[in-house]
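These notes are about the structure you will find just below.
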Amino acid sequence: MMIFVATTALRGLHVLETLAGMRQPATLRDVAARAGLSESNAFRILQALEDEGYVHHLGRSGYRLASRALALATVIGPRPAMLRLMHPIVARLAAVSGEAAVVHLRAGHLRVLVLGVPARSGPLLDPAGVLGERSPLAAGASGRIILAYLPRDGAGRRRPRRCDAPAAHRHSRPGL
Numbered sequence: 001m002m003i004f005v006a007t008t009a010l011r012g013l014h015v016l017e018t019l020a021g022m023r024q025p026a027t028l029r030d031v032a033a034r035a036g037l038s039e040s041n042a043f044r045i046l047q048a049l050e051d052e053g054y055v056h057h058l059g060r061s062g063y064r065l066a067s068r069a070l071a072l073a074t075v076i077g078p079r080p081a082m083l084r085l086m087h088p089i090v091a092r093l094a095a096v097s098g099e100a101a102v103v104h105l106r107a108g109h110l111r112v113l114v115l116g117v118p119a120r121s122g123p124l125l126d127p128a129g130v131l132g133e134r135s136p137l138a139a140g141a142s143g144r145i146i147l148a149y150l151p152r153d154g155a156g157r158r159r160p161r162r163c164d165a166p167a168a169h170r171h172s173r174p175g176l
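UniProt numbering puts the first residue of the sequence shown at 1, with every later residue one more than the last.
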């Protein structure tokens, strides 16, 4: 029974994390596909998350994060003080370069977008991504920079800590 409960809890966290990395509202079909779950499993998990106040169901428009998830994010996410310190530096980089500037943090073998400042010429649009979006470390310049500063293994290769990524994230957004 303990293994079943833990697996169910992890699926709920995975769906919540998946939704957080998507444009919202996101449809059930999109959440299920991105999470690598059947629509019926994703629906049951989203329904439980809605019952507990972590997501809002907006009818046919889909799902979005609710206040309880946002409150949790402020406690466990990148520290607000760190983001306040980084924002002026990233904003200056965007202003000087004329390009959008983003900050990713490493999460196992993935990178997570935690801060984005648009270019003067326009808003921060894809392919820069959505705050909270996760992508493989090996994809994109920021991921390759993170990899470059990881300690080397015994064979001289840089290796992130291995963790089991859902199939949906192994190939998400190639080329970023």
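Where is the CB? At the ideal position from N, CA and C, for every residue including glycine.
CB of T27 within 8 Å of CB of G62, strictly: On the sequence shown, residue 27 is found 27 positions in, with the first residue counted as 1. On the sequence shown, residue 62 is found 62 positions in, with the first residue counted as 1. Taking 8 Å as the Cβ cut-off, T27 and G62 qualify as a contacting pair.
How would you write the range of the alpha helix (DSSP H) that L147 sits in, first residue to last? In the sequence shown, the residue the question calls residue 147 occupies position 147. L147 -> alpha helix (DSSP H) spans 141-148.
Using the Cβ count rule (16 or more neighbours within 10 Å means buried), how would you classify G54? Here residue 54 is taken as the residue at index 54 of the sequence shown, counted from 1. Rather than Gly, the amino acid found at residue 54 in this sequence is Tyr. Classification for Y54: buried.
Alpha carbon to alpha carbon, how far is L110 from L72? Give it in angstroms, no decimals. Here residue 72 refers to the residue found at position 72 when the sequence shown is read from its first residue. Here residue 110 refers to the residue found at position 110 when the sequence shown is read from its first residue. For L72 and L110, the gap between their C-alpha atoms comes out near 21 Å.
Which word fits residue 178, buried or exposed, when buried means at least 16 other C-beta atoms lie within 10 angstroms of its C-beta? Because the chain is modelled from 1 through 176, residue 178 falls outside the range shown and cannot be assessed.
Name the two residues that bound the continuous alpha helix (DSSP H) containing H87. Along the sequence shown, read from residue 1 onward, the residue named residue 87 stands at position 87. First-last of the alpha helix (DSSP H) with H87: 80-97.
When DSSP builds the beta bridges, which residues end up paired with L115? Counting from one through the sequence shown, the residue named residue 115 turns up at place 115. Partner(s): V103.
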